[in-house]
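Undergrad: This is the structure, below, for whatever I ask next.
Number of protein chains: 2
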Amino acid sequence: MRDQYQEQLDGLASRLAGMCGEVAAALDKATRALLDADLRLAEEVITEDVNVDTIRAEAEEQAFALLALQAPVATDLRIVVSAIHGAGDIERMGDLALHIAQAARRRHPQPVLPDEVAPYFAEMGRVGVQLATKAAAVIRSRDLDAAAELETDDDAMDDLHRHMFTVLMDRHWNHGVAAAVDVTLLARFYERYADHAVAVARRIVYVVTGQMPGPLTV
Amino acid sequence: MRDQYQEQLDGLASRLAGMCGEVAAALDKATRALLDADLRLAEEVITEDVNVDTIRAEAEEQAFALLALQAPVATDLRIVVSAIHGAGDIERMGDLALHIAQAARRRHPQPVLPDEVAPYFAEMGRVGVQLATKAAAVIRSRDLDAAAELETDDDAMDDLHRHMFTVLMDRHWNHGVAAAVDVTLLARFYERYADHAVAVARRIVYVVTGQMPGPLTV
Numbered sequence: 001m002r003d004q005y006q007e008q009l010d011g012l013a014s015r016l017a018g019m020c021g022e023v024a025a026a027l028d029k030a031t032r033a034l035l036d037a038d039l040r041l042a043e044e045v046i047t048e049d050v051n052v053d054t055i056r057a058e059a060e061e062q063a064f065a066l067l068a069l070q071a072p073v074a075t076d077l078r079i080v081v082s083a084i085h086g087a088g089d090i091e092r093m094g095d096l097a098l099h100i101a102q103a104a105r106r107r108h109p110q111p112v113l114p115d116e117v118a119p120y121f122a123e124m125g126r127v128g129v130q131l132a133t134k135a136a137a138v139i140r141s142r143d144l145d146a147a148a149e150l151e152t153d154d155d156a157m158d159d160l161h162r163h164m165f166t167v168l169m170d171r172h173w174n175h176g177v178a179a180a181v182d183v184t185l186l187a188r189f190y191e192r193y194a195d196h197a198v199a200v201a202r203r204i205v206y207v208v209t210g211q212m213p214g215p216l217t218v
Numbered sequence: 001m002r003d004q005y006q007e008q009l010d011g012l013a014s015r016l017a018g019m020c021g022e023v024a025a026a027l028d029k030a031t032r033a034l035l036d037a038d039l040r041l042a043e044e045v046i047t048e049d050v051n052v053d054t055i056r057a058e059a060e061e062q063a064f065a066l067l068a069l070q071a072p073v074a075t076d077l078r079i080v081v082s083a084i085h086g087a088g089d090i091e092r093m094g095d096l097a098l099h100i101a102q103a104a105r106r107r108h109p110q111p112v113l114p115d116e117v118a119p120y121f122a123e124m125g126r127v128g129v130q131l132a133t134k135a136a137a138v139i140r141s142r143d144l145d146a147a148a149e150l151e152t153d154d155d156a157m158d159d160l161h162r163h164m165f166t167v168l169m170d171r172h173w174n175h176g177v178a179a180a181v182d183v184t185l186l187a188r189f190y191e192r193y194a195d196h197a198v199a200v201a202r203r204i205v206y207v208v209t210g211q212m213p214g215p216l217t218v
């Protein structure tokens, strides 16, 4: 009975880590769709988002069943509660990748991004994918040092996000208001994606230590 | 013992409803700060956000204690799990009101909004406050008809949000890129605030029926 219980707890973590892998792949594809005006890739991300929603629903059901049937306490209870939070965060990461893909599709065959900002979005995409991949690893390993790394990566994302505003506010911006609106929202989607990855890692810190790290500045 | 348990469950709902009241007041003040370039009101919202964060932490602790000590099942378990989700949504509503207040402070003593869009933001503020107030009532009453009303209010918010983009993309927009960036983000903050209020109401539907309503389109 306890073995089966432990298997269920491990299965829940494994499901969440897999979900992180899905949204890492989604952000990678969405970023390429955005940079290359690749409609096929954008459509893939849009179609596949339902998979993330399904895994989230399954993870929640599994967490609910664990609470109802096993009444976990202490660390095990923290694992289940953190999984409920984590599933929500990771689903949102998938939604944000979806929004990026939708922007690429909406403007197709035109590129969404002026050439001068494309490299920053390539970098935001890279950092975002790295954050989701690291969050998956932290869910599996519960390694606190690895969890702390996500904070540093998120600082890099915040710098890129702030820099986008500097570029937009520059008097030399000559791509008009529509492009500025797109860049504003897209940069925010990447930044929020990163925040949710950090939130997932912080919940793992809470699982291990019983304490939440300081609040995320958003 | 069971009486005390029921009191704890009711106390949790009451705490969440109170938290909704706090973020309704925050959005109301933030909107007035935005429309009237009122620095004092903006500062109030910024200072008071920590209260919402505190109530959220208390609600989570209370939910955790209920799970650990009472091992609720069925409807009671749904109440506690929904409270965990709801606390997260409502805290985020507070953060979004905070972001609006920060925008008002950042541009002070200049107004953030061009005159032509101010009435739309007044309306988004009104709808947002109404959504938070209705969410509080739904948490208390668990009335499914009242929960359904939030969907309609959210449609009104989505229409206002879409309309902002039409105004921004219009060739007659002559307020420059910086104002367009502010309007884009601010409109998104209101729209996300509304989404979170709807999510809270949907969790109450789940408490009562055991089924989540269809997914929120975001």
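Protein chains in written order, with the UniProt record's numbering: chain A, 1 to 218; chain B, 1 to 218. All C-beta atoms in this analysis are idealised placements derived from N, C-alpha and C, irrespective of residue type, glycine included. What you are looking at is a predicted structure, and each value in this text was computed from that prediction instead of being measured.
1) Rounded to whole angstroms, what's the CA-CA distance from B:Glu191 to A:Gln6? Just pull it up for me.
2) Any beta carbon from chain B within less than 7 angstroms of A:Leu77's own beta carbon?
3) For chain A, check one thing: does any of its Cβ atoms lie closer than 7 angstroms to the Cβ of B:Ile204?
4) Within the continuous alpha helix (DSSP H) that includes B:Met93, where are the two ends?
5) Under the three-state reduction of DSSP, which class applies to A:Asn51: helix, strand or coil?
6) Whose Cβ in chain A lies nearer than 8 angstroms to the Cβ of B:Arg142?
7) Mind pulling the chain B residues with CB within less than 9 angstroms of A:Val73?
8) Quick check: B:Met169 and A:Ala24, are their CB atoms within less than 7 angstroms of each other?
9) Following the continuous alpha helix (DSSP H) through B:Met212, name the residue where it begins and the one where it ends.
10) Would you say A:Thr184 lies against chain B (beta-carbon separation less than 7 angstroms)?
11) How far does the alpha helix (DSSP H) with A:Gln110 in it reach, from first residue to last?
12) Ends of the alpha helix (DSSP H) at B:His163?
13) Is there a C-beta anywhere in chain B that falls below 7 angstroms from the one on A:Pro213?
14) DSSP three-state call for A:Asp3: helix, strand or coil?
15) Nearest-angstrom Cα distance between B:Gln211 and A:Ala33?
16) May I ask you to report which of helix, strand or coil DSSP gives A:Val117?
17) Quick one: what does DSSP say A:Asp38 is sitting in, helix, strand or coil?
18) For a contact meaning CB atoms closer than 9 angstroms, what does B:Gly18 contact in chain A?
19) Please report whether the beta-carbon of A:Val112 lies at a distance below 7 angstroms from any beta-carbon of chain B.
20) When the Cβ atoms of the segment 36-43 of chain B are set against those of the segment 114-121 of chain B, are three or more pairs found closer than 8 angstroms?
21) Going along the chain, which residues of its own chain have a beta-carbon closer than 8 angstroms to the beta-carbon of B:Ala37, five neighbours each way excluded?
22) Under the three-state reduction of DSSP, which class applies to A:His196: helix, strand or coil?
23) Between B:Ala83 and B:Leu160, how many whole angstroms is the CB-CB distance? I'm expecting something under 8 angstroms.
24) Given a cut-off of 7 angstroms on the beta-carbon distance, is the pair B:Val73 and A:Ala57 in contact?
25) Excluding the 5 residues flanking A:Lys29 on each side, which residues of the same chain have their C-beta closer than 7 angstroms to its C-beta?
26) Indicate the three-state DSSP secondary structure (helix, strand or coil) for B:Ala71 in the structure shown.
27) Using a Cβ cut-off of 7 angstroms (strictly closer), state whether A:Met169 contacts chain B.
28) Once the 5 residues before and after B:Leu98 are set aside, which same chain residues still bring their CB inside 8 angstroms of it?
29) Quick check: what's the CA-CA separation for A:Trp173 versus B:Arg202?
30) Just to confirm, are A:Gly86 and A:Val200 a CB contact at a threshold of 7 angstroms?
31) Any C-beta of chain A sitting closer than 7 angstroms to the C-beta of B:Val52?
32) Find the nearest neighbour of A:Met93 within the set A:Ala180, A:Gln130, A:Leu35, A:Thr184, judged by alpha-carbon distance.
33) Establish whether the CB of B:Ala197 and some CB of chain A are separated by less than 7 angstroms.
34) When you compare each of B:Ala63, B:Arg162, B:Ala148, B:Arg171 to B:Ala187 by their alpha carbons, which one comes out closest?
35) Classify A:Arg171: buried if its beta carbon has 16 or more other beta carbons within 10 angstroms, exposed otherwise.
36) Straight-line CA distance for A:Asp3 to A:Ile139?
TA: Let's see:
1) Approximately 41 angstroms between the Cα atoms of the pair.
2) yes
3) With its beta carbon at least 7 angstroms from every one in chain A, B:Ile204 lies outside the interface.
4) 74-107
5) helix
6) Annotation: B:Arg142 has no Cβ neighbours in chain A at a cutoff of 8 angstroms; minimum Cβ distance is about 19 angstroms.
7) Leu67, Ala68, Leu69, Ala71
8) Taking 7 angstroms as the Cβ cut-off, B:Met169 and A:Ala24 do not qualify as a contacting pair.
9) Where B:Met212 is concerned, there is no enclosing alpha helix (DSSP H), given that its DSSP letter is neither H nor E.
10) Using a Cβ-Cβ cut-off of 7 angstroms, A:Thr184 counts as an interface residue toward chain B, since at least one Cβ of chain B sits closer than that to its own.
11) No alpha helix (DSSP H) holds A:Gln110; DSSP gives it neither H nor E.
12) 144-169
13) Chain B contact via Cβ: absent.
14) helix
15) So the two alpha carbons sit approximately 36 angstroms from each other.
16) Reduced to three states, the DSSP call for A:Val117 is coil.
17) coil
18) Chain A residues near B:Gly18: none, gap ~20 angstroms exceeds 9 angstroms.
19) Not closer than 7 angstroms to any Cβ of chain B, the Cβ of A:Val112 fails to qualify, so no.
20) no
21) Contacts found: Ala104, Arg107, His108, Pro109, Gln110, Pro111, Val112.
22) helix
23) Going by Cβ atoms, the distance from B:Ala83 to B:Leu160 rounds to 30 angstroms, so no, they are not a contact pair.
24) At a Cβ-Cβ threshold of 7 angstroms, B:Val73 and A:Ala57 do not count as neighbours.
25) Leu41, Glu44, Val45
26) In the three-state scheme derived from DSSP, where H, G and I count as helix and E and B as strand, B:Ala71 is classed as coil.
27) It does: the Cβ of A:Met169 has a partner Cβ on chain B nearer than 7 angstroms.
28) Ala26, Ala30, Val45, Ile46, Asp49
29) It is roughly 43 angstroms from the alpha-carbon of A:Trp173 to the alpha-carbon of B:Arg202.
30) yes
31) no
32) The shortest C-alpha to C-alpha distance from A:Met93 to any of A:Ala180, A:Gln130, A:Leu35, A:Thr184 is the one to A:Gln130.
33) no
34) B:Arg162
35) exposed
36) 20 angstroms
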